[in-house]
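Sequences listed follow chains R and X, in order. Just so you know, we're using the numbering used here here: the first sequence kicks off at 2 and counts up by one. Just so you know, we're using the numbering used here here: the second sequence kicks off at 13 and counts up by one. We put the CB at the ideal spot given by N, CA and C, even for glycine. Computed from a prediction, not measured in an experiment: that's the story for all the values here. Notes for the one structure printed next.
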Amino acid sequence: MAGSNPSPGSPSSGNGDSKRAHGAPAEGSDASTGRYVVVLSDEVFAREADGIETLRSLSGTSDIVSTSDFEFGALDVDQAASAGATMFGDLGLGVFSADPDRAEAIAEAAAQDSRIVSVEPEQLMYALGDSGRASEADGGTAERISAAPTWSVASPSQQFADTDQATWGLQATDTTKSPLAGAGISVAVLDTGFDTQHPDFEGRELSTRSFVPGQPGQDGNGHGTHCVGTSCGPQNPPEPPGSRRYGVAAEAEILVGKVLGDQGSGSDTEILAAINWAIKNDCRVISMSLGANSRQVSKRYETVGQRALNRGSLIIAAAGNNAERSAGDPGFVGVPANSPSIMAVAALDSKLGIADFSARSSSVEGGQVDIAAPGVEVYSSWPMDQRYNTISGTSMATPHVSGIAALWAERSGARGEALWSTLVRAAQRLELPAADVGAGLVKAPL
Amino acid sequence: MSERVVITLGEEWMNDPETAAEELRRSGMHVEQVLDQLGVVIGSLSSADAEEVRGLSGVAAVEVEDTFGIP
């Protein structure tokens, strides 16, 4: 590709466009559209509100539509075309219109702005063939897709089911195809504790600590043992009795912090003390399948989430189960998942639809769902003698993301913000509103 | 009457939580835990003292302790 585009403002209507549409030169095309693409820096990427603010201050328009505003995740092309600018939050990109003179001034301003990586003229793109290159032979039917990016989406007819080998969740997230198992990565699971006598975890590198006064780390509830199972359960559960695989990061070191009593509740004192402990122990991932039904962002959890990220620990929390979508109530993301620096996880069913109970993004800053994972009828470990149990919740979706985060950390060495970005980037986009599923279905590294 | 509170330290005290805890004790707080990795101090405080603590320059937030459950 030739590097520069000397005339971003060349006439782009009428002949130019129609000629382009039919001529479809595959390479060296410098067709421009009068629109410009802003690439947001890591400073604002993955923070939609900041991205929109950046786009607003740069382009001077307040009429900005966002891909997350649209039902089913797909941009309404007509609405986008009439707006002053479009924000692609999942991608960290914005698009705005400007005439060439103004565009030049904007580009100069952008060069001084640390929130922006680049401003470039939008280009016409053509559908790619199987080879991954522009299909030259098929030039005549090349589609203009610049205003409506196509994402890799799940087929609507997709349906997963547990098999003798693995749970549906491990299949849907490609965990079963991943060569990685989280070796060398520490994962903290802050919950109701763990059944340390569970035979599936014999020989595992695992430490348990209770932060609940008067209660040992032993799980008297079941919830914690289930979450530990999903995030870090074994690759091959022992025989007898033998079981399908249900755990993601089978070789990760597990730190179990009991922060919820056997009745399933706990306070800041326990939770914050356990986060402190997990960070001190260099846990790359801190999994928290817990929450409170409070809309307001908590200053303490936001600050703690940010400090954890700075120390290289990513906190992943359940979005919440306060929705009842079948009755018209989409709920809202509660504390602590609604903190901008804590990753909020929604629950999907085995058809990759949003779970009835899974909370939707709220309007507070950080109140958005960031990613989604299997959370309906999830089979995992349970305190003995029951050994296994199948339950549902955003609590069950969260440890899928935590385990997969450990796999990515093993693959790339990423931690903190970089690990967050990796998860978002790798997620499979779904034909569902971003307000419900964020970046989409979490995916394991292949 | 005192309430259980969570105090988030600002940048000034973030890296010196022990000094912060000392200052908080002087302001009437019963300090129970100092979370050095997070810059958070947990304990109990009367509402009158809470006002004073809110005014300290090294304090970013004073919030009442919350209870969490399994979603």
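Any C-beta of chain R under 7 Å from that of X/Leu36: no
Less than 7 Å between C-beta atoms, sequence neighbours within five positions excluded: which residues of the same chain meet that for X/Asp78? none
Three or more beta-carbon pairs under 8 Å between the segment 251-264 of chain R and the segment 26-34 of chain X, yes or no? no
Less than 7 Å between CB atoms is the rule here; does R/Val305 satisfy it with respect to chain X? yes
Partners in chain R for X/Gly11, counting only beta-carbon separations shorter than 8 Å: With chain X running from 13 to 83 in the structure shown, residue 11 of chain X is simply not present.
R/Glu451, buried or exposed, once every other Cβ within 10 Å from all chains shown has been counted against 16: Residue 451 of chain R lies beyond the residue range present for chain R, which begins at 2 and ends at 447; the question has no answer from this structure.
Against chain R, with Cβ distances strictly below 7 Å, would X/Thr5 count as a contact? Residue numbering for chain X in the displayed model covers 13 to 83; residue 5 of chain X lies beyond these limits and cannot be assessed.
Could you tell me if R/Ser314 is buried or exposed, where buried requires 16 or more neighbouring beta carbons within 10 angstroms of its beta carbon? buried
Checking contacts by CB at 7 Å: is R/Thr270 closer than that to chain B? Absent here is chain B; the protein component of the structure consists of chains R and X.
At the 7 Å Cβ level, is X/Leu57 part of the contact set with chain R, yes or no? no
Rounded to the nearest angstrom, how far is the Cβ of R/Leu420 from that of R/Pro446, given a contact under 8 Å? About 12 Å; that fails the 8 Å criterion.
Using only the alpha-carbon positions, how far apart do R/Ile343 and R/Gln369 sit? 10 Å
In chain order, what residues of the same chain have a beta carbon less than 7 Å from the beta carbon of R/Asp175, not counting five sequence neighbours either side? Lys444, Ala445 and Leu447
From R/Gln429 to X/Leu47, what does the alpha carbon distance come to, in whole angstroms? 37 Å
For R/Ala275, which residues in the same chain have their Cβ closer than 6 Å to its Cβ, ignoring the five residues on either side in sequence? Leu191, Phe212, Gly258 and Val260
Taking Cβ to Cβ, would you say R/Ala319 is nearer than 7 Å to R/Ser288? no
Pair every Cβ in the segment 62-69 of chain X with every Cβ in the segment 292-303 of chain R, then say whether three or more of these pairs are closer than 8 Å. no
Could you give the distance in angstroms between the alpha-carbon of R/Ser283 and the alpha-carbon of R/Arg416? Sequence check: residue 283 of chain R is Asp here, not Ser. Near 10 Å, if we compare the C-alpha coordinates of R/Arg416 and R/Asp283.
So which of R/Gln387, R/Asp371 and R/Met397 has the shortest CA-CA distance to R/Pro434? R/Asp371
I'd like the span of the alpha helix (DSSP H) that includes R/Val425, first residue to last. Gly417 to Ala427
Please state if the CB of R/Ala84 and the CB of R/Val66 are separated by a distance shorter than 7 Å. yes
Rounded C-alpha distance that separates X/Met13 from X/Val53: 19 Å
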